[in-house]
Amino acid sequence: MNELVYRFLRNDLSRRGFIQALTALGLTGTIAESTANAAAAAANADPETGSRTASGTGGDLMVEQMEAAGVRFLFTNPGSFEVGLFDAFLDRPKMQLIMGLHEGIVISMADGYHKASGEPALVNVHVIAGTAQSAGQLYNSSRDGSALIVTAGLLDNEMQDDNLLLAARPGFDQKDVNRQFTKMSWETRDPESIPVMLRRAFKVATTAPGGPTYLALANHALEAKGVSATIHDRPSFIIPDDIPARAEDVEAVARMLIEAESPILHVGDEVSKAGAQQAVLELAESLRVPVADVNWPFHSFPRMHPLYAGGYNTRGRDFVLRIGVGDIGGTAAAGPDAEGSRSA
């Protein structure tokens, strides 16, 4: 999935190829087609809208792009190898630095900010050690689909010595430490590339389904002087997340729901993230359909409501409608009484 997104964003994969690859992974044709449409809309936006050239250090370019992306807070446990970033961060009244003394705390604060505000959260941790320290909470953010952009300084063990202090161990690189907990991980050693790499991290983290991205920036790139790059405002690089369903698909699902003798709705976090709790509540109440959920961070249906059916259970149900929830394993038909059940 990471490779498909990467190739599509770089225009190395055609729209048809992207849709075919997504459906091969198990996505419905509607979701695959709508995702491609949303990406195309963002790609066709006027590239000159909200863009300008900035000059200074690599850190200056990073901070300029952060501000253009709408960043209000930088969550960090600072270190000396990120000094190029922190020097540039001074005298920036539109942004505030929030410091924690352990990367687990820093990631947790950023994740909480994202969950409460719905905005992507920017994090900076200290080179390889801070990257490793963040793993536990980054796992949680990955499971929850939180849009976190995690950055770190990078001591380049491919440039001087492969056994540097606070660098990746010989034969390894820093971006692989937490790769399994991110949608995508990069390293950059070129100061001029910092803004575009940061924009890409924002784009991938915020594109549904959301999740953390990771960008390691070489200390010499952050401290480089006299460099210039183009800065783009947020609307020009964030992919719209409105994915309209086809009318015929909605009608088909509605018919199955109405005709079912013992249906159940299964709701997940994407309901809350989309602000669709009231719509789900009205649907359940209008048809008197019970609603189950899973123990995720967001509660998308009131647990004291008479129609709340507790945790995920399909026993005795002939139709399961999943709304905003991923595959949690198991089967749609649980138990002998549910023979012939359907799900959508």
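If you count the sequence shown from 1, position 159 lands on 1436 in the numbering used here, and the numbers rise without skipping. Heads up, the beta-carbon is just placed ideally off N, CA and C, and yes, glycines get one too.
Whole angstroms are fine: how far does the CA of A1556 sit from the CA of G1587?
For this step, residue 1587 is matched to residue 310 along the sequence shown. For this step, residue 1556 is matched to residue 279 along the sequence shown. Cα to Cα, the separation comes out at about 19 Å.
Exercise for the section: With DSSP collapsed to three states, give me the class of S1513. Expected result: Numbered from 1 along the sequence shown, position 236 holds the residue referred to as residue 1513. In the structure shown, the three-state DSSP call for S1513 is helix.
| Can you give, in chain order, each stretch of the beta strand (DSSP E) that sits fully within the segment 1340-1395 and has at least 3 residues? | Taking 3 residues as the shortest admissible run, the segment 1340-1395 contains the following complete beta strand (DSSP E) segments, listed from N- to C-terminal end: 1350-1353, 1373-1376.
Notebook entry, point to check: DSSP three-state call for F1596: helix, strand or coil?
Noted result: On the sequence shown, residue 1596 is found 319 positions in, with the first residue counted as 1. In this structure, F1596 counts as strand in the three-state DSSP scheme.
Please report the distance separating the alpha-carbon of E1310 from that of Q1342.
In the sequence shown, the residue the question calls residue 1310 occupies position 33. In the sequence shown, the residue the question calls residue 1342 occupies position 65. If you take the alpha carbons of E1310 and Q1342, they lie about 31 Å apart.
#### Entry: Cβ pair S1577, G1603 closer than 9 Å
Counted from its first residue, the sequence shown places residue 1577 at position 300. Counted from its first residue, the sequence shown places residue 1603 at position 326. Taking 9 Å as the Cβ cut-off, S1577 and G1603 do not qualify as a contacting pair.
**Asked** In angstroms, rounded to a whole number, what distance separates the CA positions of N1590 and R1599?
**Response** The sequence position of residue 1590 within the sequence shown is 313, counting from 1. The sequence position of residue 1599 within the sequence shown is 322, counting from 1. About 12 Å.
TODO: Take G1336 as the anchor and find which of P1472, T1353, F1285, W1463 has the nearest alpha-carbon.
DONE: Start at 1 with the first residue of the sequence shown, and residue 1336 comes out as number 59. It is P1472 whose Cα lies nearest to the Cα of G1336.
ask   = Which word fits K1502, buried or exposed, when buried means at least 16 other C-beta atoms lie within 10 angstroms of its C-beta?
value = Along the sequence shown, read from residue 1 onward, the residue named residue 1502 stands at position 225. Residue environment analysis places K1502 among the exposed positions, since fewer than 16 neighbouring C-beta atoms fall within 10 angstroms of its C-beta.
- Measure the alpha-carbon distance for A1409 versus R1466 and round it to whole angstroms. Reading the sequence shown from its first residue, position 132 is the one you call residue 1409. Reading the sequence shown from its first residue, position 189 is the one you call residue 1466. Cα to Cα, A1409 sits roughly 20 Å from R1466.
Rounding to the nearest angstrom, what Cα-Cα distance links D1421 and A1522 in this structure? Within the sequence shown, numbered from 1, the residue matching residue 1421 stands at position 144. Within the sequence shown, numbered from 1, the residue matching residue 1522 stands at position 245. Note on geometry: alpha-carbon atoms of D1421 and A1522 lie some 24 Å from one another.
* To which residues does DSSP link M1461 through a beta bridge? -> Reading the sequence shown from its first residue, position 184 is the one you call residue 1461. As computed with DSSP, M1461 is found in a beta bridge with T1490.
Is L1399 closer than 9 Å to A1387 when the C-beta atoms are compared? As a working mapping, residue 1387 is identified with position 110 in the sequence shown. As a working mapping, residue 1399 is identified with position 122 in the sequence shown. In contact: A1387 and L1399 (Cβ atoms closer than 9 Å).
query: Rounded C-beta distance between K1452 and E1464? I'm assuming under 8 Å.
result: Translated into the one-based positions of the sequence shown, residue 1452 becomes position 175. Translated into the one-based positions of the sequence shown, residue 1464 becomes position 187. Indeed, because the Cβ distance is near 5 Å, the residues count as touching under 8 Å.
>> Would F1596 and L1558 be called neighbours here (beta carbons separated by less than 9 Å)?
In response: Taking the first residue of the sequence shown as 1, we reach residue 1596 at position 319. Taking the first residue of the sequence shown as 1, we reach residue 1558 at position 281. Result no, Cβ atoms of F1596 and L1558 do not sit closer than 9 Å.
inquiry  = Are the CB atoms of A1412 and V1383 within a distance shorter than 9 Å?
reply    = By one-based count along the sequence shown, residue 1383 stands at place 106. By one-based count along the sequence shown, residue 1412 stands at place 135. No. Outside cutoff.
- Query: Does the beta-carbon distance from A1345 to R1511 come in below 9 Å?
  - Reply: By one-based count along the sequence shown, residue 1345 stands at place 68. By one-based count along the sequence shown, residue 1511 stands at place 234. Yes. Within cutoff.
(request) Measure the alpha-carbon distance for S1655 versus S1513 and round it to whole angstroms. (result) What is shown of the chain runs 1278 to 1621, which leaves residue 1655 out entirely.
Proximity to K1550 [Cα-Cα], best of D1450, A1424, E1536, A1493: Within the sequence shown, the letter at position 273 stands for residue 1550. Put simply, of D1450, A1424, E1536, A1493 the residue whose alpha carbon is nearest the alpha carbon of K1550 is A1424.
Quick one: what's got a C-beta closer than 7 Å to A1485's C-beta in the same chain, skipping five residues either side? In the sequence shown, counting from the first residue as 1, residue 1485 sits at position 208. D1518.
Requested in this report: Locate the alpha helix (DSSP H) running through I1520, then write down its first and last residues.
Outcome: As a first step, residue 1520 must be located in the sequence shown, where it is residue number 243. Where I1520 is concerned, there is no enclosing alpha helix (DSSP H), given that its DSSP letter is neither H nor E.
query: Is it true that the segment 1524-1538 meets the segment 1355-1367, where meeting means three or more beta-carbon pairs spaced less than 8 Å apart?
result: In short, these stretches do not touch, since the Cβ pair count stays below three.
When you compare only the Cα positions, how much space is there between M1636 and L1560?
This structure does not reach residue 1636, given that the chain is present from 1278 up to 1621, and the question cannot be answered.
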